[in-house]
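Student:
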DNA sequence: CCGTTTTTGTACTTCCAATGAACTTATTTC
DNA sequence: GAAATAAGTTCATTGGAAGTACAAAAACGG
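Residue numbers (our numbering), protein chains in the order written: chain C, 1421 to 1819; chain V, 1421 to 1819.
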C-alpha cells in the first residue's frame, strides 16, 4: 500500500521552482526570464515570481545587463549564483582524507587534502580528524558569506546509506563503524554517506551532462586496490536496497579461480585489481597511478599479459553487468582512467562476444572525464543537486 | 537539459485521482470515502469529488451498503469495478500462443490458449493468428459491456520496447520482426510489447503485493529453454536502455565452458537451461514441467549431479546479480517454480559465499507464486496499472 | 419512542498558484 | 523623434484543494 502524499497547491510551486532552478543552473549560458519561460513552457509571469524567490534564496543571481543585442528591452541575464550556497564532499580512502566545497557554478571554493597511509587505521581517530578538517572548511566558507547546504562522506566499502553505518571497508581495515557521531559536524550541515564509486560517478554525470543533451546513463567502473562500480540511470545513482549495489569487484570470473579476501573465489578483483596490475610491472600497490600507467604503457611481455588478463576479466564482468542492466555506455575511472586506452581493446573484445544485445547496440568504453578525487567532487555535487531539486526546503530553512 | 513539463493545476487533479484510484484498487477490503481520506491525507470533500469521477469512468464501483456496524451514518463501500475495464495480455512462446483478459479486481474474464510447437515458426503467420485470437477476446469482452484499455505482448527474446521490434528470439527462430502490424488490433486497443520474463515478473508483483506492505523489490529468474530474469525495484520493472535487461541466461559461468547458441562461451543457459536438466533424467525438452520436476525430485545419481551443477551455476549468476544490484530477494519462476525447493540449497550455498553483503542482509530464494502463464497475467496487469496510474487519460478517451 | 451522539458524505466559501491579457520599460530601427 | 520590438510586471480570472458548516443515517440511552 503506497502511502503517497496527496498533491496540494504547494507541490505545484515547489515543482515549478525546482524546474526553474534546474533550467537556470544547468544552462550553458545565461538565460533571461523570457528564455526560461520559453524553455519550460511556463508563462513569463510565473517565471518572474519564481525567479524572485530564487534570487532571495541566493540560488540564482542576476548579471549586469550585457551589451544588448537586437532590439527590444534588453534581457537581464540569470545564472547560477557563485559563492553563495555550497556543497561539501568528504572522503576517507586508503591514501588520503579530505574535503572539497563546491558552489552552484561548479567551482571549488575550498579544499583540504591530507595524504596519509590509512590502511588498518583507527576509525574513530580518523573520523575525528576528518571532522576537524570539515569544520575548518565550513568555518572558512561561512566567513566568506556562503552557506554549506550539506555534506556527503565517501568511503571505499559497504555503506548502509539509511543508517550511516559502514559495514566493512576491507582496504581500510574498518568494520561496523557508526560514521556520523565521530565526525561531529554542526547541526545545520546534514551529512549523508555513500560508497566512494557512487559519488565519483556523480562527478562524471556533471562532466558529461553538457556533452550530450540527454540525462546520462552509464556504468562507472572504478579501479583501485578493489574494483567498484556505480550504476547511473537517467542521471541518478541506483543504490539498491541498502546502498551497496555496484560491487562488480566480486563478480565471479572463474569459480575455480584464486581465493579472494572476501571469502569467495575467482573474484574480478583478483584479476583486475591494482595488486594484479602492479605486480606484473614490479611495483608496489602504493606506487602513484601515473608511474603504474607509464610502466604498463611501455609494456614488456609480462605487463602485456597482465593487461590482457585484466582486460579480459573486466570485459567478462562488464558483459555480465550489461547483459543484466542493458546499459550501453561504460566509463573507466579511478586508477583505470589513466590506462583506459590500454584496457579498452581487451574489454571491447569480450563485450562484442558476450553481450547479447551487442549486434544492435554496441557498448562503448571510455575513460572517465573526472579523475582527480572524483568522489569529493561528486559528494559536493550530490548535495547541490538535492538543493536544486528542492529549493523550497532550503528556503524555509533560511526563513 | 531536462525539458520537464511545468506543473499546472490539472497535474494536481490527475495525481490525486491516481492516488485515490490506487488506494481503492489496492485495498484488501472495501473502503469508504472517509477511509480513503484518512489513508491518503486528503479531505473527505476532495475524495468525494475524485471518487465521483472514478465512478463515472467505471474504474471504481459502489457496493450496496453492508450491514452497518457501529454507529454513525453507514459507509458506502468502494471497490475496484468488476468487468468494466480490462487489460489484455498476449504471448507467443515456444509451446503455445494465447491471450488473457483481466479486470480491475484481478479476475480473468476471458482467455484463449492454443498449444502448438512454434519452434522455427513463421513470424507473420503466427502473429496474424495471435491477432485473430486477440480480436476474438476483444469482441467477446466488448459485447459484455467491458472496455479493453490496452494490450501487452510477451515474447521470449530481445524486444525493443520503444520501436516494438523483436530483435531476436532464438528459441522461436525469429529475428528482426515488426510486431504490431501483423497483429492488426483495432485502433482503440494500444499494444505494447515486452520480454516474457519481465511481464511474468509483474504478475509476481501483484501476487506478493498483499503479503508484505511495502512495494516489492526482487529479482525474478525464469527458467525455460533459455533463462531470463527481470529486475523489479519498488514495484517497477527495470527495463534498461532498450528493454533487454535481465539476460541472466548469458552471464558467463566459466569462460572456458561450452559454446552457447549466442556465440559466447560458458553461459548460464548451458548449465541451468531446460536442456541441461532434462538430458540428465532422460527426457526431451518438450516434456511437461510436472514430469521433469517429478523425475528430478526422485533423483538418482545423474539427476542429482545435474541439479547441483544447475543450482551452483544459478547461484553464481544470481550472486553476480545481487552484488551488482543489491537486491536481497529472489523468486524462481517458469520451469524453476516446480523445482525451486530442489535448486534452492545449491543456490543459497553459492550466495552465502559469493554475495559481499550476505553477512548483513541474507538473500532469500523462493518459488514464484504465479506459475500458470504468468506473462499473460502480467501483461494484462501492466495495462491495468497504467490505467490506475493515470485515470485521467482513460477518462478523456471515454469523453 | 424520541432525543443525543457519532460518523459519513455533501455544499459552499476561502485560499493559492498558474494563466492570460494588458501594461510598463528599455532598447533598435527608420 | 516615432514606430517597432522584446522583456519584465501587474492584475483579474481560473481551477483545484482545504476548511467549515451542514444534512443524512445509523446506534445508544433514557
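Just so you know, even glycine gets a beta-carbon here, dropped at the ideal spot from N, CA and C.
For clarity, every value in this text was computed on a predicted model and none was experimentally measured.
According to DSSP, is residue 1664 of chain C part of a helix, a strand, or is it coil?
Tutor: For the purposes of this step, residue 1664 of chain C is taken as residue 244 along the first chain, with counting starting at 1. It is coil, neither helix nor strand.
Student: Using alpha carbons as the reference points, say which of C:1491, C:1644, C:1433 and C:1446 lies closest to residue 1655 of chain C.
Tutor: Along the first chain, one-based indexing puts residue 1655 of chain C at 235. When only C-alpha atoms are compared, the closest one is C:1446.
Student: Let me see if you follow: with CB-CB separation under 7 Å, is residue 1767 of chain C close to chain V or not?
Tutor: Residue mapping note: residue 1767 of chain C aligns to position 347 of the first chain, counting from 1. No - not a single Cβ of chain V is within 7 Å of the one on residue 1767 of chain C.
Student: To test your reading of the DSSP string, which unbroken alpha helix (DSSP H) runs of 4 or more residues are found completely within the stretch 1701-1789 of chain V?
Tutor: With a minimum length of 4 residues, the continuous alpha helix (DSSP H) runs that stay inside the stretch 1701-1789 of chain V are 1709-1717, 1721-1745 and 1756-1774.
Student: Residue 1640 of chain V bridges to which residues according to DSSP?
Tutor: Here the question's residue 1640 of chain V lines up with position 220 in the second chain. Its beta-bridge partners are V:1650 and V:1751.
Student: Does any residue of chain C bring its CB to less than 7 Å from the CB of residue 1776 of chain V?
Tutor: Here residue 1776 of chain V is taken as the residue at index 356 of the second chain, counted from 1. It does: the Cβ of residue 1776 of chain V has a partner Cβ on chain C nearer than 7 Å.
Student: Taking its Cβ as the centre, do 16 or more other Cβ atoms sit within 10 Å of residue 1624 of chain V, making it buried, or is it exposed?
Tutor: As a first step, residue 1624 of chain V must be located in the second chain, where it is residue number 204. The residue in question, residue 1624 of chain V, is buried, as its Cβ has 16 or more Cβ neighbours within 10 Å.
Student: Are the beta-carbon atoms of residue 1746 of chain C and residue 1665 of chain V separated by less than 7 Å?
Tutor: Working through the first chain from its first residue, we reach residue 1746 of chain C at position 326. Working through the second chain from its first residue, we reach residue 1665 of chain V at position 245. The answer is yes: Cβ separation under 7 Å.
Student: Mapping DSSP to helix, strand and coil, what is residue 1628 of chain V?
Tutor: Stepping through the second chain from its first residue, residue 1628 of chain V is reached at position 208. In this structure, residue 1628 of chain V counts as helix in the three-state DSSP scheme.
Student: In chain V, which residues lie less than 7 Å from residue 1439 of chain C when you measure between Cβ atoms?
Tutor: Along the first chain, read from residue 1 onward, the residue named residue 1439 of chain C stands at position 19. Here the neighbours are 1424 and 1426.
Student: Is residue 1665 of chain V close to chain C, meaning its C-beta is less than 7 Å from at least one C-beta of that chain?
Tutor: Residue 1665 of chain V sits at position 245 when you count from the first residue of the second chain. So, interface residue.
Student: At the level of alpha carbons, what is the spacing between residue 1421 of chain V and residue 1634 of chain C?
Tutor: Here residue 1421 of chain V refers to the residue found at position 1 when the second chain is read from its first residue. Here residue 1634 of chain C refers to the residue found at position 214 when the first chain is read from its first residue. Residue placement at residue 1421 of chain V is flagged as unreliable, the pLDDT there being 42, under the threshold of 50; the coordinate-derived value follows with that caveat. For residue 1421 of chain V and residue 1634 of chain C, the distance between alpha carbons rounds to 7 Å.
Student: Are any of the Cβ atoms in chain V nearer than 7 Å to that of residue 1587 of chain C?
Tutor: Numbered from 1 along the first chain, position 167 holds the residue referred to as residue 1587 of chain C. Chain V contact via Cβ: present.
Student: Check the Cβ-Cβ distances between residue 1486 of chain C and every residue of chain V, and say whether any is below 7 Å.
Tutor: Here residue 1486 of chain C corresponds to residue number 66 of the first chain, with the count starting at 1. Not one chain V Cβ lies under 7 Å of residue 1486 of chain C.
Student: Where residue 1473 of chain V and residue 1505 of chain V are concerned, what is the direct C-alpha to C-alpha distance, given to the nearest angstrom?
Tutor: Within the second chain, the letter at position 53 stands for residue 1473 of chain V. Within the second chain, the letter at position 85 stands for residue 1505 of chain V. Taking the straight line joining both Cα atoms gives about 15 Å.
Student: Along the chain, which unbroken stretches of the alpha helix (DSSP H) at least 4 residues long are found entirely within the stretch 1489-1564 of chain C?
Tutor: Within the stretch 1489-1564 of chain C, the complete alpha helix (DSSP H) runs of at least 4 residues are 1543-1563.
Student: Are the Cβ atoms of residue 1499 of chain V and residue 1481 of chain V separated by less than 7 Å?
Tutor: Within the second chain, numbered from 1, the residue matching residue 1499 of chain V stands at position 79. Within the second chain, numbered from 1, the residue matching residue 1481 of chain V stands at position 61. Contact: yes.
Student: Just to check my reading of the structure: residue 1795 of chain V and residue 1620 of chain V have Cβ atoms closer than 8 Å, yes? What is that Cβ distance to the nearest angstrom?
Tutor: On the second chain, position 375 is the one that residue 1795 of chain V refers to. On the second chain, position 200 is the one that residue 1620 of chain V refers to. Confirmed, Cβ separation roughly 4 Å.
Student: From the beta carbon of residue 1537 of chain C, is the nearest beta carbon of chain V less than 7 Å away?
Tutor: As a working mapping, residue 1537 of chain C is identified with position 117 in the first chain. Output row for residue 1537 of chain C: interface = no.
Student: Within the continuous alpha helix (DSSP H) that includes residue 1805 of chain C, where are the two ends?
Tutor: In the first chain, the residue the question calls residue 1805 of chain C occupies position 385. It spans 1794-1809 - the alpha helix (DSSP H) in which residue 1805 of chain C sits, taken as one unbroken run.
Student: State the beta-bridge partners of residue 1449 of chain V as determined by DSSP.
Tutor: Position 29 of the second chain holds residue 1449 of chain V. BP columns for residue 1449 of chain V are empty, so no partner.
Student: What first and last residue would you give for the alpha helix (DSSP H) that runs through residue 1472 of chain V?
Tutor: Here residue 1472 of chain V refers to the residue found at position 52 of the second chain. Residues 1464-1476.
Student: Quick one: what does DSSP say residue 1483 of chain V is sitting in, helix, strand or coil?
Tutor: The residue labelled residue 1483 of chain V in the question sits at position 63 within the second chain. Residue 1483 of chain V: coil per DSSP, three-state reduction.
Student: By Cβ distance, which residues of its chain are closer than 8 Å to residue 1562 of chain C, with the 5 residues on each side in sequence left out?
Tutor: Numbered from its first residue, the first chain carries residue 1562 of chain C at position 142. Counting only Cβ-Cβ distances below 8 Å, and skipping sequence neighbours, we find 1568.
Student: Does the beta-carbon distance from residue 1648 of chain C to residue 1689 of chain C come in below 7 Å?
Tutor: For the purposes of this step, residue 1648 of chain C is taken as residue 228 along the first chain, with counting starting at 1. For the purposes of this step, residue 1689 of chain C is taken as residue 269 along the first chain, with counting starting at 1. No, the Cβ-Cβ distance between residue 1648 of chain C and residue 1689 of chain C is not below 7 Å.
Student: Compute the beta-carbon to beta-carbon distance between residue 1762 of chain C and residue 1742 of chain C, rounded to the nearest angstrom, for a pair I have assumed lies under 8 Å.
Tutor: Locating residue 1762 of chain C in the first chain gives position 342, where the first residue counts as 1. Locating residue 1742 of chain C in the first chain gives position 322, where the first residue counts as 1. About 21 Å; that fails the 8 Å criterion.
Student: Cβ of residue 1577 of chain V within 7 Å of Cβ of residue 1589 of chain V?
Tutor: Taking the first residue of the second chain as 1, we reach residue 1577 of chain V at position 157. Taking the first residue of the second chain as 1, we reach residue 1589 of chain V at position 169. Yes.
Student: Going by DSSP, what residue range makes up the beta strand (DSSP E) through residue 1595 of chain C?
Tutor: Taking the first chain and counting its residues from 1, one reaches residue 1595 of chain C at position 175. Per DSSP, residue 1595 of chain C belongs to the beta strand (DSSP E) from 1594-1598.
Student: So what does residue 1687 of chain C bridge to, in DSSP terms?
Tutor: Against the first chain, residue 1687 of chain C aligns to sequence position 267. DSSP, once it has assigned bridges, lists C:1672 as partnering residue 1687 of chain C.
Student: With a CB to CB cut of under 7 Å and the five nearest residues on each side skipped, what residues in its chain are close to residue 1463 of chain V?
Tutor: Here the question's residue 1463 of chain V lines up with position 43 in the second chain. Around residue 1463 of chain V: 1457.
Student: Going by C-alpha distance, which of C:1792, C:1801, C:1767 and C:1585 is nearest residue 1786 of chain C?
Tutor: Sequence index remark: in the first chain, residue 1786 of chain C carries index 366 (1-based). Nearest of C:1792, C:1801, C:1767 and C:1585 to residue 1786 of chain C, Cα basis: C:1767.
Student: With a threshold of 7 Å between beta-carbons, can residue 1594 of chain V be considered close to chain C, or not?
Tutor: One-based indexing of the second chain puts residue 1594 of chain V at position 174. With 7 Å as the cut-off, residue 1594 of chain V does not count as an interface residue toward chain C.
Student: Where do the N-terminal and C-terminal ends of the beta strand (DSSP E) with residue 1615 of chain V fall, by residue?
Tutor: If you number the second chain from 1, residue 1615 of chain V lands on position 195. That run of the beta strand (DSSP E) goes 1611-1615.
Student: When we look at the beta-carbon of residue 1730 of chain V and count the other beta-carbons within 10 Å, is it buried (16 or more) or exposed?
Tutor: Walking along the second chain from the start, residue 1730 of chain V turns up at place 310. Buried.
Student: Assuming residue 1571 of chain C contacts residue 1611 of chain C (C-beta within less than 8 Å), just tell me the rounded distance between them.
Tutor: For the purposes of this step, residue 1571 of chain C is taken as residue 151 along the first chain, with counting starting at 1. For the purposes of this step, residue 1611 of chain C is taken as residue 191 along the first chain, with counting starting at 1. Residue 1571 of chain C to residue 1611 of chain C, Cβ: 5 Å. Contact.
Student: Beta-carbon within less than 6 Å of residue 1760 of chain V's beta-carbon, same chain only, minus the 5 sequence neighbours each way: which residues are those?
Tutor: As a first step, residue 1760 of chain V is located in the second chain; it is residue number 340 there, counting from the start. 1752 and 1787.
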